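Heads up: the first sequence begins at 50 in my numbering, then just goes up one per residue.
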Amino acid sequence: MQIYNTLTRRKEKFVPRETGRVAMYVCGPTTYNFIHLGNARAFVVFDTVRRYFLYKGYKVRYVQNFTDIDDKIIKRAREEGEDPIRLAAKYVEEYFHDMDALNVLRADIHPKVSEHLNEIIEMVRVLIERGHAYVVDGDVYYNISSFGGYGKLSGRSQEDMQAGARVEVDRRKKHPMDFALWKSAKEGEPAWDSPWGLGRPGWHIECSAMSLKYLGTDFDIHGGGFDLIFPHHENEIAQSEAATGEPFARYWMHNGFITINQEKMSKSLGNFFLVREILDKFPPDVVRFFLLSTHYRSPLDFDDEKLAAAGRGLERVKNCIRALKEALQGNPRHTLSGADKTFNEELGGRLAEFNSAMDDDFNTALATGILFDAVGDINTYLHHAAQADGPCLEALHKAFKIIKTFNGVLGLFKIDAGDNIIIDGQSGAASGLVEALVELIIKMRQEARARKDFATADSIRNDLGKLGIILEDTPRGVRWKRQG
RNA sequence: GGCGACAUAGCCAAGUGGUAAGGCAGAGGACUGCAAAUCCUCCAUCCCCCGGUUCAAAUCCGGGUGUCGCCUCCA
Numbered sequence: 050m051q052i053y054n055t056l057t058r059r060k061e062k063f064v065p066r067e068t069g070r071v072a073m074y075v076c077g078p079t080t081y082n083f084i085h086l087g088n089a090r091a092f093v094v095f096d097t098v099r100r101y102f103l104y105k106g107y108k109v110r111y112v113q114n115f116t117d118i119d120d121k122i123i124k125r126a127r128e129e130g131e132d133p134i135r136l137a138a139k140y141v142e143e144y145f146h147d148m149d150a151l152n153v154l155r156a157d158i159h160p161k162v163s164e165h166l167n168e169i170i171e172m173v174r175v176l177i178e179r180g181h182a183y184v185v186d187g188d189v190y191y192n193i194s195s196f197g198g199y200g201k202l203s204g205r206s207q208e209d210m211q212a213g214a215r216v217e218v219d220r221r222k223k224h225p226m227d228f229a230l231w232k233s234a235k236e237g238e239p240a241w242d243s244p245w246g247l248g249r250p251g252w253h254i255e256c257s258a259m260s261l262k263y264l265g266t267d268f269d270i271h272g273g274g275f276d277l278i279f280p281h282h283e284n285e286i287a288q289s290e291a292a293t294g295e296p297f298a299r300y301w302m303h304n305g306f307i308t309i310n311q312e313k314m315s316k317s318l319g320n321f322f323l324v325r326e327i328l329d330k331f332p333p334d335v336v337r338f339f340l341l342s343t344h345y346r347s348p349l350d351f352d353d354e355k356l357a358a359a360g361r362g363l364e365r366v367k368n369c370i371r372a373l374k375e376a377l378q379g380n381p382r383h384t385l386s387g388a389d390k391t392f393n394e395e396l397g398g399r400l401a402e403f404n405s406a407m408d409d410d411f412n413t414a415l416a417t418g419i420l421f422d423a424v425g426d427i428n429t430y431l432h433h434a435a436q437a438d439g440p441c442l443e444a445l446h447k448a449f450k451i452i453k454t455f456n457g458v459l460g461l462f463k464i465d466a467g468d469n470i471i472i473d474g475q476s477g478a479a480s481g482l483v484e485a486l487v488e489l490i491i492k493m494r495q496e497a498r499a500r501k502d503f504a505t506a507d508s509i510r511n512d513l514g515k516l517g518i519i520l521e522d523t524p525r526g527v528r529w530k531r532q533g
């Protein structure tokens with residue numbers, strides 16, 4: 050298995066710290082707003098990475114934090130006249146709401162800054178003690194000059210940073226790029242007691258403290274968006290390695306950005322789309338498929354038409370699953386013919402291709418291509434079998450299994466309690482009634498067709514279509530589905 | 001100014017030395033009362049441009065051009 054490591058700027062063979070186990074940390078959201086599509090990309094990408102490790106048989110410990118104490122939260126809370134802690138808690142819930150929709154699995158641990166003040170304060174204390182940090186008027190700064198490795202992740206020297214520093218220089222800092230580990234509290238801000246007075250943690254320290262607490266030093270994978278490389282991850286390395294004297298993380302993975310009209314989507318540019326806005330217009334499986342249809346390190350340009358095209362493509366996969374279900378209910382053969390065996394071998398080949406795509410730095414774009422190849426294989430098999438002596442049970446099972454396997458890794462469709470793939474969402478309380486009504490209408494339409502009243506039949510099909518109910522007349526009866 | 005990424009058909013997108021995956025859109029055929037779904041066939045002589053290395057390059061090297069990103073909160 051190969052993973053592109055930002056630290057070395059090349060793909061490396063993945064060798065975990067501990068055989069058979071993967072410890073990974075992904076920077077979670079700062080909870081001051083609903084998450085946008087850019088956030089979602091990172092979380093979907095790393096969710097898929099995690100799923101692939103699980104599929105490969107690794108024991109995975111997945112940690113994703115919530116930064117629930119932060120300047121932006123305080124600002125937002127002030128604007129809304131809300132308590133910062135409560136505001137942050139609210140957006141934690143909203144985060145789960147959106148991520149559940151996108152089929153992102155819960156992390157094993159979701160630590161919050163607000164619950165780890167002790168660890169953070171302790172780490173700051175150690176950094177001061179070891180001469181890597183200094184106190185000025187109740188603030189604590191990290192002294193980057195004290196850490197030789199500073200800049201190794203983002204590939205820049207300390208001189209570069211001095212030259213490029215556009216921030217107004219705080220005279221109290223020893224180096225312009227020194228960053229806050231602890232910020233003293235102003236009046237009315239949330240504050241915690243510390244050896245340096247009342248205050249709160251700086252932005253980067255929480256990820257160091259919490260990842261080290263739950264994963265230890267030298268853990269396997271640390272992930273996040275490209276824009277976290279500098280300064281966030283650079284600073285995490287500096288803090289963690291200076292405090293522990295050990296390597297911090299082995300593989301650094303960073304996903305590319307979502308762009309809008311080829312321009313970076315970001316909160317500061319104001320051109321962002323909230324996940325829930327998009328989910329109002331498109332099904333979650335389509336959104337997830339769209340996010341995985343490009344390699345995670347490449348930029349991904351978003352617009353409605355591209356998402357719609359992705360939806361039409363994914364419909365092909367859903368149709369294949371429907372066809373399989375139908376074939377399975379159609380009393381398949383128990384014998385195994387030469388054609389069945391050939392088909393089984395074909396699918397075996399697809400599985401191997403899929404694994405090798407994912408082994409190569411989680412190439413989900415290639416992997417989804419292979420999913421489509423498998424769909425083509427299955428459709429062709431079903432087509433020919435229907436013209437001969439029908440499909441064989443074992444082949445159908447194998448086909449289902451491979452689709453489920455791919456789906457288990459990509460996480461496109463949810464699975465119900467009976468291990469069935471859910472492709473027609475919105476199974477609510479009303480759905481039983483809807484189904485009965487549709488069946489009734491179909492029955493009446495069939496009567497119209499029987500007396501060759503095609504005008505009525507077509508009009509019914511048309512009108513149902515407008516309601517999102519798609520009818521398909523097949524040689525073996527009428528099939529219907531909800532519009533994907 | 002420093003650092004970095006990318007440039008593949010109408011659109012999206014894989015592919016890091018051996019002669020262009022896959023999807024969307026499109027064309028023709030089969031099936032159908034007609035649609036839809038599905039199947040079959042077609043759809044880049046060529047991968048931004050110019051040089052070079054090589055028996056062989058979209059893939060390596062050099063030089064251009066263009067687009068984007070980081071250097072400041074941001075996934």
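Glycine is no exception: its CB is placed at the ideal position from the N, C-alpha and C atoms.
Small disclaimer: the values here were computed from a predicted structure and weren't measured.
Check                                                                                                                        : Outcome
Residues of its chain near alanine 448, where Cβ-Cβ distance is below 7 Å and the 5 sequence neighbours each way are ignored : Leu373, Leu396 and Ile427
Coil, strand or helix - asparagine 469 by DSSP                                                                               : coil
For glycine 110: DSSP bridge partner residues                                                                                : First, the amino acid is wrong: residue 110 is arginine here, not glycine. In the DSSP output, where bridge partners are listed per residue, arginine 110 has Ala72.
Proximity to lysine 222 [Cα-Cα], best of Val189, Ser206, Gly200 and Gly198                                                   : Val189
Cβ shell of aspartate 408 (< 6 Å), same chain only, five flanking positions each side left out                               : Met50
Pair within 8 Å by beta-carbon distance, isoleucine 169 and alanine 258                                                      : yes
Continuous alpha helix (DSSP H) assignments of at least 4 residues falling wholly in the stretch 313-394                     : 324-330, 333-341 and 353-378
Rounded distance between the beta-carbons of arginine 346 and asparagine 304, thought under 8 Å                              : 7 Å
Outcome for valine 64 when other beta-carbon atoms lying within 10 angstroms are tallied against a minimum of 16             : exposed
Burial state of glycine 213 (16 or more Cβ within 10 Å)                                                                      : Caution applies to glycine 213, whose pLDDT of 49 falls short of 50 and renders its modelled position unreliable; the value that the coordinates give is listed next. Counting Cβ neighbours within 10 Å, glycine 213 comes out exposed, since fewer than 16 surround it.
Which residues DSSP lists as bridging leucine 520, in chain order                                                            : Trp529
Close Cβ partners of aspartate 465 (< 7 Å) along its chain, the five nearest in sequence each way excluded                   : Ile471
Inter-residue Cα distance where the pair is threonine 5 and histidine 383                                                    : In this structure the chain extends from 50 to 533, so residue 5 is not present and cannot be described.
Entirely enclosed alpha helix (DSSP H) segments - the stretch 274-308, minimum 4 residues                                    : 283-293
Which listed residue (Asp507, Leu340 and His433) has its alpha carbon closest to that of threonine 417                       : Leu340
One or two residues paired with threonine 57 in a DSSP bridge                                                                : Its beta-bridge partners do not exist; DSSP assigns none.
N- and C-terminal bounds of the alpha helix (DSSP H) containing arginine 494                                                 : 480-499
Extent of the continuous alpha helix (DSSP H) run through proline 133                                                        : 133-150
Reduced DSSP category for threonine 413 - H, G, I as helix; E, B as strand; rest coil                                        : helix
Three-state class that DSSP yields for valine 189 in the structure shown                                                     : strand
Bridge-paired residues (DSSP) for histidine 271                                                                              : Tyr74 and Trp301
Residue span of the beta strand (DSSP E) that contains lysine 450, given as start and end                                    : Not the beta strand (DSSP E): lysine 450 falls in the alpha helix (DSSP H), residues 442-459.
Rounded Cβ spacing between histidine 281 and tyrosine 74 (contact assumed at less than 8 Å)                                  : Histidine 281 to tyrosine 74, Cβ: 12 Å. No contact.
Which of helix, strand or coil DSSP assigns to glutamine 51                                                                  : strand
Segment contact, 8 Å Cβ cut-off, at least three pairs: the stretch 67-87 with the stretch 108-118                            : yes
DSSP bridge partner residues for glutamate 67 (one or two, in chain order)                                                   : Arg70
Supposed contact pair isoleucine 490 and leucine 513 - C-beta distance, whole angstroms, cut 8 Å                             : 7 Å
Distance between beta carbons of threonine 343 and phenylalanine 297, contact taken as under 8 Å                             : About 29 Å; that fails the 8 Å criterion.
Same chain only: Cβ atoms within 8 Å of arginine 110, ignoring 5 sequence neighbours per side                                : Arg70, Val71, Ala72, Met73, Asp157, Ile158, Tyr263 and Leu264
Whether isoleucine 228 touches glycine 197 by CB criterion (8 Å)                                                             : Residue identity check: residue 228 is phenylalanine in the sequence provided, not isoleucine. In this structure, glycine 197 does not lie closer than 8 Å to phenylalanine 228 by Cβ.
Neighbour-count burial assignment, methionine 226, 16 or more Cβ in a 10 Å radius                                            : buried
Proximity below 8 Å, CB of leucine 230 to CB of valine 173                                                                   : yes
Straight-line gap, leucine 442 to proline 381 (C-alpha atoms, nearest Å)                                                     : 5 Å
Rounded C-alpha distance that separates valine 324 from arginine 155                                                         : 17 Å
Reduced DSSP secondary structure (H/G/I, E/B, other) of arginine 249                                                         : strand
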